[in-house]
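S.K.:
Residue numbers (this note's numbering): 5 to 172.
#1: Spell out the partners DSSP gives residue 25 in its beta bridges.
#2: Where residue 26 and residue 11 are concerned, what is the direct C-alpha to C-alpha distance, given to the nearest angstrom?
#3: If we ignore side chains and look at the alpha-carbon of each, how far apart do residue 6 and residue 37 end up?
#4: So which of 62, 67 and 145 has the shortest CA-CA distance to residue 53?
#5: Is residue 30 near residue 40, with beta carbons less than 8 Å apart?
#6: Taking its Cβ as the centre, do 16 or more other Cβ atoms sit within 10 Å of residue 112, making it buried, or is it exposed?
#7: When we look at the beta-carbon of residue 121 and count the other beta-carbons within 10 Å, is it buried (16 or more) or exposed?
#8: Three or more C-beta pairs under 8 Å: does that hold for the segment 15 to 26 against the segment 61 to 78?
#9: Using only the alpha-carbon positions, how far apart do residue 16 and residue 77 sit?
#10: Mind reading off the beta-carbon distance from residue 43 to residue 33? Whole number of angstroms is fine, and I expect it under 8 Å.
#11: Within the same chain, show all residues whose beta-carbon is closer than 7 Å to that of residue 8, passing over the 5 residues directly before and after it, in chain order.
#12: Going by alpha carbons, who is nearest to residue 56 out of 151, 170, 22 and 156?
#13: What does DSSP give as the partner residue(s) for residue 59 in the beta ladder?
#14: So, is residue 176 buried or exposed, given that buried needs 16 or more other C-beta atoms within 10 angstroms?
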């Protein structure tokens, strides 16, 4: 069972991908230090579980997971990730040395600061956009464009003229 468990884990975590050839019973015997009959039994267990299949004269291979099994694999991986994140979060709170009420108060304060900063950011963005519009209007009225802006403007005029000629 330990050999079957080890091979199953390798299949489940992708170290033995679908289509991969498994070691022969003789290689498993050598690799795990088990009897040949034990290696054969491990392969039989995995075959009964539908994880592997054999091809006469070629060897034993990892079976492609069914859509259901693929879904279950992704689901289990997601659950494991969520559990790991939960453990990390619990550890962070534990290490912070603060009570739940203290952490909740700090979170509420941080959310208020974020809301205030977000409002200030939006106001500053609107002010910046208004200042850009004023600068553009002044440039148009005074003609004080940089050489690059003047060249781009001239190119746009040429492009419009050429479009008009092609339409006629």
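Don't be surprised by glycine CBs; every beta carbon is placed ideally from N, CA and C.
All values reported here derive from a predicted model rather than from experimental measurement.
M.R.: Working from what's here:
#1: 65
#2: 9 Å
#3: 12 Å
#4: 67
#5: yes
#6: exposed
#7: exposed
#8: yes
#9: 8 Å
#10: 5 Å
#11: 46, 49 and 50
#12: Considering only 151, 170, 22 and 156, the residue with the shortest C-alpha distance to residue 56 is 22.
#13: 63
#14: It is not possible to answer for residue 176, since the shown part of the chain is limited to 5 through 172.
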